[in-house]
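Those sequence lines, one after another, are chains A and B.
Just so we're aligned: 148 in this note's numbering is position 48 of the first sequence, and the numbers increase by one with no gaps anywhere.
Just so we're aligned: 142 in this note's numbering is position 42 of the second sequence, and the numbers increase by one with no gaps anywhere.
Idealized CB from N, CA, C, for every residue including glycine.
Below is one structure, written out as structure tokens; comments come after it.
There are 2 protein chains.
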Amino acid sequence: MSSQKILLAARSCFARDGYEGASLQKIAEEVGIKKPSIYAHYKGKEDLFLHVMTLVFSTVKRRIIDYFIQNHQAPLESRMKNFFDWMLQEYEMSDNARFLIRSGYYPPAGLYGQVMDILIPFLDGLRRALTRLLQREMLTGGVHCKDPKEASIAFLTVVEGAVVELVCGWPDRYQSRAAAVWPVYWKGINA
Amino acid sequence: MSSQKILLAARSCFARDGYEGASLQKIAEEVGIKKPSIYAHYKGKEDLFLHVMTLVFSTVKRRIIDYFIQNHQAPLESRMKNFFDWMLQEYEMSDNARFLIRSGYYPPAGLYGQVMDILIPFLDGLRRALTRLLQREMLTGGVHCKDPKEASIAFLTVVEGAVVELVCGWPDRYQSRAAAVWPVYWKGINA
DNA sequence: ATTCACCTTCCTAACGGTCGTTAGGTGAAA
DNA sequence: TTTCACCTAACGACCGTTAGGAAGGTGAAT
Chain A
101 MSSQKILLAA
111 RSCFARDGYE
121 GASLQKIAEE
131 VGIKKPSIYA
141 HYKGKEDLFL
151 HVMTLVFSTV
161 KRRIIDYFIQ
171 NHQAPLESRM
181 KNFFDWMLQE
191 YEMSDNARFL
201 IRSGYYPPAG
211 LYGQVMDILI
221 PFLDGLRRAL
231 TRLLQREMLT
241 GGVHCKDPKE
251 ASIAFLTVVE
261 GAVVELVCGW
271 PDRYQSRAAA
281 VWPVYWKGIN
291 A
Chain B
101 MSSQKILLAA
111 RSCFARDGYE
121 GASLQKIAEE
131 VGIKKPSIYA
141 HYKGKEDLFL
151 HVMTLVFSTV
161 KRRIIDYFIQ
171 NHQAPLESRM
181 KNFFDWMLQE
191 YEMSDNARFL
201 IRSGYYPPAG
211 LYGQVMDILI
221 PFLDGLRRAL
231 TRLLQREMLT
241 GGVHCKDPKE
251 ASIAFLTVVE
261 GAVVELVCGW
271 PDRYQSRAAA
281 VWPVYWKGIN
291 A
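Structure (structure tokens):
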């Protein structure tokens, strides 16, 4: 199916060059077809971008949930600590994370509303899932914090604060930030 | 002087639309001149961008240092805590912070090296200044942390983690992140 | 004091190129 | 025979950039 190949090539280009920087020409080349052939599968650049976006968001959500489920036997502390390494891998290995962050931070001007309508529920869902996880772990003694909701917001904040170094293309600076901020965070939420 | 007006208009456009998204047409309109007149003052779009960049970086560095000097009589805790509010103001009031963050996260493809040659010393200088501040405060009991360098990296991380919400245009979410992450950070660095 | 050359600043016009997009046709599959 | 994926050709719009010239000011030479 070639509309799938277009979708993946577009994801790669949008992730690398951004919406304005990416061109249908380049996407078509990567697939091995001519530019106007894209219009047999998508209504235009905006339509293609929105299809990529829904694919990416559902994929990333699934992968994050899978990470926490797959390691459910490990103690919460190491699960959260290792999340930084997992995120690094995720960002460097696939276009999903790069696309999501770039389009989330700086969406194409004309699609601001439509991007945010997907991004906000995504982030809020992530935050709620993390809050529930912390609440569950409080019962079994995996963590001792007085406000799991605030702790989950803080966790997303420190993770994203480290991720911005990945955005600039410095995995070593990312790891240095992760190493510095993790002990502070863990000590900070455990009263 | 009209090359100054071009510089400021360019800063505003680059901050709002990014390098690829901004056009000399729009910049010229904002100044009130025709597009080719820009070439009487700058060699081209890249040259103009680099001039804006050096202006912005020196301005922002100066303003951050001024913030910490002006409030030097206040306890460190409130100086760092209030930095979040100061940053919010700074981001919303002027184009400087918006330009810096956008160009730092996603610099124009052809200028990656030149942007990073300015950005990296800027961030490292900031980190070193913060480390020295923490070291000084440790002597007077303003803070009790065992590793001021790690604490300063962690502070920049949590600040940037909150700032990414400003990038998306949500000051309320920024404040919620700041409110959640600050107590965690402060408790976390004070052993 | 006048002339002249020169420089800056802005203009109009136009360049070549790339962008997203559309029209219209071809060939194979259903 | 209709439908679908793909093509070539070309559209209009916009991009950054250049050429060439019209004003105005400056400073030195006549």
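Kindly indicate which three-state DSSP category residue i falls into: helix, strand or coil?
i, result
"A:His172", "coil"
"B:Ala291", "coil"
"A:Tyr191", "helix"
"B:Gly242", "coil"
"A:Lys134", "coil"
"B:Met101", "coil"
"A:Lys56", "One cannot answer for residue 56 of chain A here, as it falls past the ends of chain A, which runs 101 to 291."
"A:Ala279", "helix"
"A:Trp270", "coil"
"B:Ala122", "coil"
"B:Pro221", "helix"
"A:Tyr206", "coil"
At what residues does the alpha helix (DSSP H) containing residue i begin and finish?
i, result
"B:Pro248", "248-267"
Thinking residue i and residue j are a contact (beta carbons under 8 angstroms), I'd like their distance in whole angstroms, please.
i, j, result
"B:Val259", "A:Ala254", "Not quite, the Cβ-Cβ distance comes to about 13 angstroms (not below 8 angstroms), so this is no contact."
"B:Phe184", "B:Ala278", "4 angstroms"
"A:Val281", "B:Thr231", "About 15 angstroms separates the two Cβ atoms, so there is no contact after all."
"B:Val156", "B:Arg111", "7 angstroms"
"A:Cys245", "A:Ala291", "7 angstroms"
"B:Met153", "B:Ile218", "6 angstroms"
"A:Gly288", "B:Lys181", "In fact, because the Cβ distance is near 14 angstroms, the residues do not count as touching under 8 angstroms."
"A:Asp195", "A:Ala128", "Not really, about 17 angstroms apart at Cβ, beyond 8 angstroms."
"B:Glu192", "B:Pro271", "7 angstroms"
"B:Leu188", "B:Tyr274", "6 angstroms"
"B:Lys126", "B:Cys113", "6 angstroms"
"A:His141", "A:Ser178", "The pair is not a contact, with the Cβ atoms about 44 angstroms apart (cut-off 8 angstroms)."
Check: Below 8 angstroms, can you find three or more Cβ-Cβ pairs linking the stretch 232-241 of chain B to the stretch 132-151 of chain B?
Finding: no
Item checked: Contact the stretch 264-276 of chain B vs the stretch 204-219 of chain A: 3+ CB pairs below 8 angstroms -> yes
Notebook entry, point to check: Would the stretch 154-162 of chain A and the stretch 120-130 of chain A be scored as touching if the rule is three or more Cβ pairs under 8 angstroms?
Noted result: Taking a cut-off of 8 angstroms for Cβ pairs, the stretch 154-162 of chain A and the stretch 120-130 of chain A do not touch, as fewer than three such pairs fall below it.
Check: Would you say the stretch 130-147 of chain A touches the stretch 164-182 of chain A, given that touching needs at least three Cβ pairs under 8 angstroms?
Finding: no
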